[in-house]
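Novice: The structure that follows is given in the form of structure tokens.
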Amino acid sequence: MEEGIPGHAGKTEWAKKIQGFLKERGVSFEAEGEATRIHLDDIVVEVAEAESGEGYAIVITVPLPGSSSEALDEATGRTLASAMKLAGLLGAEELGYELDTSLPGYPSLRIIVEYSDPNTLAEKLVEALKKYLEG
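Position 63 of the sequence shown, counting from 1, maps to 63 under our numbering, and the rest follow consecutively.
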């Protein structure tokens, strides 16, 4: 289900390509301008300007276990494996990682792939999502 602020969907061709693909496939996402947040099971994929201010980034956020009992849950392993699969499908030469522990008991891992060209980002993301959604 598409959400977001009416009239604030992407106006650039690369953002339209991503958001159009998501609509076509019925993938849940939120859009505000070029920024897009995609919901894939327990994974959140964000497309936005890179934090460096140079280029754009795909950020895959994965919840991590906050306790030993959660770490034993098979779903935790599947979620992490799914995030790594998507990161691998992006075909990036370099992946960045950030550990977010700002919410006690709810740590998350961010896998970051930066692109200088937003059109390349859109092509790589759409291709990776096609393969990911096919199983």
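Even glycine gets a Cβ: it sits at the ideal position worked out from N, Cα and C.
On the DSSP bridge assignment, give the partners of A57 in chain order.
Specialist: Taking the sequence shown and counting its residues from 1, the one referred to as residue 57 is at position 57. Paired residues: A48 and E114.
Novice: Could you pull out every unbroken alpha helix (DSSP H) segment of at least 4 residues lying fully inside the segment 69 to 120, listed in chain order?
Specialist: The qualifying runs are 74 to 89.
Novice: Between T101 and D42, how many whole angstroms is the CB-CB distance? I'm expecting something under 8 Å.
Specialist: As a working note, residue 101 is residue 101 in the sequence shown. As a working note, residue 42 is residue 42 in the sequence shown. Not confirmed; about 18 Å, so no contact.
Novice: Distance, Cα to Cα, A81 vs L64?
Specialist: As a working mapping, residue 81 is identified with position 81 in the sequence shown. As a working mapping, residue 64 is identified with position 64 in the sequence shown. Taking the straight line joining both Cα atoms gives about 12 Å.
Novice: Return the Cβ separation of A87 and L95 in integer angstroms, given the expectation that the two are a contact with Cβ distance under 8 Å.
Specialist: Taking the sequence shown and counting its residues from 1, one reaches residue 87 at position 87. Taking the sequence shown and counting its residues from 1, one reaches residue 95 at position 95. Yes, they are in contact, since the Cβ atoms of A87 and L95 sit about 6 Å apart, within 8 Å.
Novice: Should P104 go down as buried or exposed, given a rule of 16 or more other Cβ atoms within 10 Å for buried?
Specialist: As a first step, residue 104 must be located in the sequence shown, where it is residue number 104. Exposed: under 16 other Cβ atoms inside 10 Å.
Novice: Measuring straight from C-alpha to C-alpha, what distance separates E24 and L125?
Specialist: Counted from its first residue, the sequence shown places residue 24 at position 24. Counted from its first residue, the sequence shown places residue 125 at position 125. Their backbone Cα atoms lie some 15 Å apart in a straight line.
Novice: Look at the alpha carbon of K130 and the alpha carbon of A75, and state the distance between them as a whole number of angstroms.
Specialist: Residue 130 sits at position 130 when you count from the first residue of the sequence shown. Residue 75 sits at position 75 when you count from the first residue of the sequence shown. So the two alpha carbons sit approximately 23 Å from each other.
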